[in-house]
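This report refers to the structure that appears directly beneath it.
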Amino acid sequence: MSAFSVADIAARCGGRVVGDGGLRITGIRSLEAAGPSDLSFVAEGKADKKAAASKAGALLARDASRHPGRTVVEAADPSFALAAVLDLFFPRRTARPGVHGTAVVEPGAAVDPSAEIGPFAVVGEGTRIGAGAIVEAHVALGRHCTIGPGARLHPHVVLYDGVTLGARVEVHSGVVLGADGFGYAPTPSGIVKVPQVGGVSVDEDVEIGANSCIDRATLEQTRVGAGTKIDDLVMVGHNSVIGRHVILCGQVGLAGSTVVGDGAVLAGQVGAAGHLTIGAGAKAGAQTGIAHDVPAGETVFGTPEMSHREALRAFAELRRLPETARAVRELRARSRTREEGTP
Amino acid sequence: MSAFSVADIAARCGGRVVGDGGLRITGIRSLEAAGPSDLSFVAEGKADKKAAASKAGALLARDASRHPGRTVVEAADPSFALAAVLDLFFPRRTARPGVHGTAVVEPGAAVDPSAEIGPFAVVGEGTRIGAGAIVEAHVALGRHCTIGPGARLHPHVVLYDGVTLGARVEVHSGVVLGADGFGYAPTPSGIVKVPQVGGVSVDEDVEIGANSCIDRATLEQTRVGAGTKIDDLVMVGHNSVIGRHVILCGQVGLAGSTVVGDGAVLAGQVGAAGHLTIGAGAKAGAQTGIAHDVPAGETVFGTPEMSHREALRAFAELRRLPETARAVRELRARSRTREEGTP
Amino acid sequence: MSAFSVADIAARCGGRVVGDGGLRITGIRSLEAAGPSDLSFVAEGKADKKAAASKAGALLARDASRHPGRTVVEAADPSFALAAVLDLFFPRRTARPGVHGTAVVEPGAAVDPSAEIGPFAVVGEGTRIGAGAIVEAHVALGRHCTIGPGARLHPHVVLYDGVTLGARVEVHSGVVLGADGFGYAPTPSGIVKVPQVGGVSVDEDVEIGANSCIDRATLEQTRVGAGTKIDDLVMVGHNSVIGRHVILCGQVGLAGSTVVGDGAVLAGQVGAAGHLTIGAGAKAGAQTGIAHDVPAGETVFGTPEMSHREALRAFAELRRLPETARAVRELRARSRTREEGTP
């Protein structure tokens, strides 16, 4: 790990130095773990106390005045600044060009000379690997796939035939792209598979977390728009169309033909029934079970989903429901007594 | 892709031609994407408008009279007919017989000469691969497994020792069959593992989606019955017995020793506590948390589960609960006032 | 499989023989499947009837007096005794020392001579494999990882760079340890990735189920304490700190920075929002959505979580809510009639 001055760091992340700009920083650590040559990061106001107790040589924070006597790199958005500083200290790994001696590249595949193909990787016939792409150990690429320039496929990623990844797409280990969608026709003599002959198309700058699955479309393309971020163990059903800059948190499951608008955010373990549209900028709280279309910009929660406001009130009352129900029983008893008592 | 006449297509799927039976069809596309030499598919009544706007040369539909002036292949069950037509245009891949030069087949394994073993596959001692089976890249098969004739294991499937797959079973990438069940004995000095020495047995024509897991039984067999279809990221706990023609949608989780009757359908993200019986033909709505036995034919919803009818009414009232609770408070206040007012 | 006398078996598991201690036992089977030379296992009182019908030669049970006329190995904790007996009949597989000819061990990796490295495994530069460790087929180990003595990594496990596993850790197939945490800074021009430069550290005697994921920390370590057991398809978000002897059942999802105290038990499909503390010994029922800190020893249920007692009462009333709401409407109508009627 390299060392940088506080001034270098501020320059890199567009921050402002308060204190000793010449201080050499050799590491980036949490507030608890940081020492005098480390920079640390104050995410939220409630971390101020931790920051005061921290031995960090410098702090990355929104407001230096809350950290009197400290060397601070002041940044309007400390999370974004942290990203920039981490990129400075830990530059992204770039491709080590060449094909590992153990890899299998089928005839008719085209690997850019600047790309890296790791040990035991398999590249199918007709598949094209773009400039600077990294295909790590045990990645299995089917036939007629396209891997965009600068994409990175971590070990054990699987692409079925005909999957397209845009530039700089990052796919984590264990991800399966293009497995058959779950399409069957029930018949009196059993369940008949509907062949899934479409593909999967993922636009640039998408990141897909470990062991997630995006199934191929029945006829056309399951699509993921540019800049979308998908966490671990997420399932995207066949024919779904995910917009740009969408966030799908861990273990989200979208049944088939779900449309998710740009900038939507689905929290962990959210499920969506098939053939629904979740509007642009919509949000769903953790574990929400979305059973109807969600209007753009709306926040929903609960199973089946309610508006967030409605859900919070309903769940607060649910907790008091035993009491409420007892009150109803008492009122009823009293009402009956009264009616019987008043001829 | 080959070309077929509309008449060929109708013959293949048992449909009836209305219009130009001689029209050459070269592709099968969605209503939106189809052109004049494509066949498209009208799934439901509500797609009639899309169908009217479609440029498709021919339609596969239930009722030609709803598509006046169009060439239609009329079929009583369009989904089933689509499956047949897709099989015509996209014949299933068959084994390319032989063992890839990089695969490791341990001594004492028996691979049928008509089977295909892909690059970097590992076939353990005593494992038998049936006629025409396809074992793709990086598949790891333990010892004493049986792969039925015509089975297909996509890249990166893992079978632990002693797993049996019937004829034509299709297993998608990342699936793990036969990992140890989650069995422990809590003791004062910590949690002690109960060795899981049973197996997993999957009958013919089962399909298992990407990254799903079926754990081995403690002593006997975790079983999946013929024709059952399992979606992605599903977990089947140890000792479970899944019947025939069951449907387990994405991210379903069955704890240990769950019995699921023939023809049951569990929607996405359903969970079942252990040691339960879900009767034949039972259904569970998405995200249902099944905590008790479910009678055959019953439909359940909610956590803990209610009958579907009960659940829909309860959830509708839940949404109105804040209002109801307010009404109760008012009635109570009024009742008190009255009681105080009437000596 | 070897054979042991009932007396041997009792000695091994600290049990007491009632009946024929000399009987030779050749197998351990379920009550239904066992024959005269098998031992079977009576888990709970309600299995007594099954036990009576069983053909098992001997029973492992808590109380021999409930099984008159049978040969019984009486043990205070039959589950724990079963674990010991299974270990006797099915000794754990030990390492077959050596590196498979197809494995890739990068220069600068250190593999203990007593460890086993399977076919197509990849061991990155600077990674150390401890004595007696088993690294099975297709395992991909990044750089600077540490695998403790006696650890076992089943086929297709992936460790990113800098992951540490303690002694005897068992990791099932498809597990991904150390993938990037889901950390982003939203900016007006899109979502910017916060590099995840910390690691994952798993203490001794942990077991991790198939296809689970533990993400690397942003700066420090995502931690799992000794003896903790994690089921299949579980997600542990970045910066989380899981205590000792914790149980995470199938498909549990912990968002980032979750702290889980020693001995906590989260049932299947439980989710926890980020930055929460779940106290030591706390329990959560299946599918609970934990949205707040949970005090030590508390049992919670529902989404958002309530105390278990509160939840059971609330859910029982939820089922009756349509009736309760109807009663409220009637009371209201009656109250209005009365008010109108009384001038």
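Protein chains in written order, with numbering that gives the first Met the number 0: chain A, 0 to 342; chain B, 0 to 342; chain C, 0 to 342.
Think of the CB as a built atom: it goes at the ideal place given N, C-alpha and C, for glycine as much as any other residue.
Across the structure, residue 330(B) and residue 313(A) are spaced so that their CA atoms are roughly 20 Å apart. In the DSSP assignment, residue 11(A) falls within the unbroken alpha helix (DSSP H) covering 5-12. Residue 282(B) counts as buried, since no fewer than 16 other beta carbons sit within 10 angstroms of its beta carbon. At the C-beta level, residue 99(C) and residue 120(C) come within 9 Å of one another. Residues of chain C with a Cβ closer than 7 Å to the Cβ of residue 12(A) do not exist; the shortest Cβ-Cβ separation is about 11 Å. Of all C-beta pairs linking the segment 227-245 of chain B to the segment 253-265 of chain C, fewer than three are shorter than 8 Å, placing the two stretches out of contact.
Residue 178(C) is not a Cβ neighbour of residue 204(C), given a cutoff of 9 Å. Residue burial annotation: residue 163(B) is buried, with at least 16 other C-beta atoms found within 10 angstroms of its C-beta. Look at residue 83(A) here: in three-state DSSP terms it is helix. Under the three-state reduction of DSSP, residue 72(B) is assigned to strand. Using a 10 angstroms sphere on the CB of residue 154(C), the tally of other CB atoms reaches 16 or more, which defines it as buried. Residue 216(B) and residue 192(B) have their C-alpha atoms some 14 Å from each other. With contacts defined as CB atoms closer than 9 Å, residue 26(B) and residue 6(B) fail to qualify as a contacting pair.
In the three-state reduction of the DSSP assignment, residue 47(B) falls in the helix class, which pools H, G and I. Excluding the 5 residues flanking it on each side, residue 277(C) has same chain C-beta neighbours closer than 8 Å at 257, 258, 259, 260, 263, 265, 271, 283, 289, 292 and 293, in chain order.
Neighbours of residue 212(B) in chain C, taken as residues whose beta carbon is under 7 Å from its own, are 209, 210, 231 and 232 in chain order. With a cutoff of 9 Å on beta-carbon distance, residue 236(B) and residue 252(B) are scored as near each other.
Interface flag for residue 73(B) against chain A is unset, since no Cβ pair is found closer than 9 Å.
Of all C-beta pairs linking the segment 45-59 of chain A to the segment 181-199 of chain C, fewer than three are shorter than 8 Å, placing the two stretches out of contact. Chain order gives the chain C residues near residue 228(A) as 181, 183, 190 and 192, where near means a beta carbon separation below 9 Å.
Between residue 173(A) and chain B, the shortest Cβ-Cβ separation is below 9 Å. Residue state for residue 142(C) is assigned as coil, using DSSP reduced to three classes. Around residue 129(A), the same chain offers 111, 114, 145, 146, 147, 148, 149, 150 and 166 as residues with beta carbons nearer than 8 Å, after the five sequence neighbours per side are excluded. By the beta-carbon neighbour count (other beta carbons within 10 angstroms, threshold 16), residue 93(A) is exposed. Residues of chain A whose Cβ lies closer than 8 Å to the Cβ of residue 153(B) are, in chain order, 157, 159 and 178. Residue 295(B) has its alpha-carbon roughly 19 Å from the corresponding atom of residue 286(B). When the five nearest sequence neighbours on each side are left out, the beta carbons in the same chain lying within less than 8 Å of the beta carbon of residue 42(B) are those of 77 and 78, in order along the chain.
At least 9 Å separates the CB of residue 106(A) from every CB of chain B. Residue 322(A) sits in a helix when the DSSP states are folded into three classes. Linking residue 35(C) to residue 84(C) through their CA atoms gives a straight-line distance of about 17 Å. Beta-bridge analysis with DSSP links residue 222(C) to 200(C) and 240(C). Spanning the alpha carbons of residue 318(B) and residue 268(A) requires a straight line of approximately 22 Å. Put simply, the backbone Cα of residue 1(B) is about 42 Å away from that of residue 125(B).
In summary, the residues of the segment 114-142 of chain B whose CB is separated from some CB of chain C by less than 7 Å are 119, 121, 137 and 139, in the order they occur in the chain. Per DSSP, the unbroken beta strand (DSSP E) holding residue 183(C) starts and ends at 183-186. CA-CA distance, residue 96(B) to residue 137(C), rounds to 23 Å.
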